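Quick note: the sequence shown uses UniProt numbering, first residue 1, plus one each step.
Just so you know, even glycine gets a beta-carbon here, dropped at the ideal spot from N, CA and C.
Source: prediction; values computed, not measured.
Worksheet for the structure shown next.
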Amino acid sequence: KAVSINRVVVAISERFQVQSVIGQQIKFVSEQLGKIANALEQFTEDKTLHLYGEVMSMEVEGF
Numbered sequence: 001k002a003v004s005i006n007r008v009v010v011a012i013s014e015r016f017q018v019q020s021v022i023g024q025q026i027k028f029v030s031e032q033l034g035k036i037a038n039a040l041e042q043f044t045e046d047k048t049l050h051l052y053g054e055v056m057s058m059e060v061e062g063f
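Following this line, the structure appears as structure tokens:
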């Protein structure tokens, strides 16, 4: 069967569009994961400093 050039071009174009959408979705998910990682790091730092302060105050009080 002969395949028209137009069909080939359309098929290739559709394929690139799908890949582009997938790439955009991957980029979005990566950005969201980065935000989550930053929030977790900030939370951990805040808690670590607070807990360190609690431990140090307990040592001063003689526990």
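Residue 57 carries a helical assignment under DSSP once its states are collapsed to helix, strand and coil. C-alpha of residue 38 to C-alpha of residue 54: approximately 24 Å in a straight line. Between the C-alpha atoms of residue 52 and residue 35 there is a straight-line separation of about 26 Å.
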